[in-house]
Amino acid sequence: MRSNADLYLTSTEPGSYYAAEDLKSAQFVEEEPLSTNAWVRLQRFRWPGGSEAIVDSRGLLHLRSSDLSVPEMTLTLILGRPLAAWAADGTVCGSSYFTGPEPASGIPVEEFYEQYLRRFISGLID
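Structure, rendered in structure tokens:
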């Protein structure tokens with residue numbers, strides 16, 4: 001059996017993926033340095049409904065839904081290794097390299113996908 005750290009943040013249920021044509025295009029808004037560290041660049045993208053994605057040059061993707069009931073979340077952008085994700089309500093999932101060995105509010109990756117990411121994505125196609 002694989003541990004949470006061995007799972008990638010993807011859905012494995014048939015038919016649970018969204019077709020690219022269902023997702024509305026996000027528009028590039030701006031690039032700016034992080035106010036406390038000019039070497040860190042933030043690129044902001046916005047969907048027509050107001051949801052945002054911010055690509056952080058440190059290898060992070062920040063997601064902010066226009067639906068205020070969906071907490072903001074951050075995902076690590078890493079290749080070839082399990083990633084991790086955090087939600088603004090304190091919930092985390094994924095690799096203990098990023099979350100620490102025993103996070104207080106850790107949940108399985110599948111639950112994080114259902115509770116947070118699926119809700120964010122649904123807001124883009126409704």
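Taken in order, the sequence shown gives residues 1 to 126; the numbers are from the UniProt record's numbering.
Even for Gly, the Cβ is constructed at its ideal location relative to N, Cα and C.
Just so we're clear, the structure is a prediction, and the values are computed from it rather than from any experiment.
Item to check | Counted within 10 angstroms of its Cβ, other Cβ atoms place S69 as buried (16 or more) or exposed | outcome: Looking up residue 69 in the sequence shown gives position 69. Flag for S69 reads exposed.
Next on the checklist: Could you compute how far the alpha carbon of E72 sits from the alpha carbon of L63?
Outcome noted: Along the sequence shown, one-based indexing puts residue 72 at 72. Along the sequence shown, one-based indexing puts residue 63 at 63. So the two alpha carbons sit approximately 6 Å from each other.
Checklist entry - Thinking C-beta only, is S105 closer than 7 Å to G90? => result Taking the first residue of the sequence shown as 1, we reach residue 90 at position 90. Taking the first residue of the sequence shown as 1, we reach residue 105 at position 105. Yes, they are a contact pair.
Next on the checklist: By alpha-carbon positions, which one of S95, S25, P101 and A87 ends up nearest to G80?
Outcome noted: Counting from 1 along the sequence shown, the entry for residue 80 is found at position 80. Taking only the C-alpha atoms, the option nearest G80 is S95.
Checklist entry - Pick from P82, E32, G50 and Y97: whose alpha carbon is nearest that of S25? => result Within the sequence shown, residue 25 is the residue found at index 25, counting from 1. Minimum Cα distance to S25 is reached at G50.
Checklist entry - DSSP state of R41, grouped into three classes? => result Residue numbering aside, residue 41 sits at position 41 when the sequence shown is read from its first letter. Strand.
Item to check | Whole runs of the beta strand (DSSP E) within the region 35-81, excluding any shorter than 3 residues | outcome: If only complete runs of 3 or more residues are kept, the region 35-81 shows the beta strand (DSSP E) at 37-46, 52-56, 60-64 and 73-76, in order along the chain.
Checklist entry - Shortest alpha-carbon distance to F45 belongs to which of I54, E110 and W39? => result If you number the sequence shown from 1, residue 45 lands on position 45. Nearest of I54, E110 and W39 to F45, Cα basis: I54.
Checklist entry - In this structure, does DSSP put Y116 in helix, strand or coil? => result Translated into positions along the sequence shown, residue 116 becomes position 116. Y116: helix per DSSP, three-state reduction.
Item to check | Proximal residues to E52 (C-beta, below 7 Å), its chain only, five neighbours per side dropped | outcome: Taking the sequence shown and counting its residues from 1, one reaches residue 52 at position 52. Result list for E52: R44, F45, R46 and R64, in chain order.
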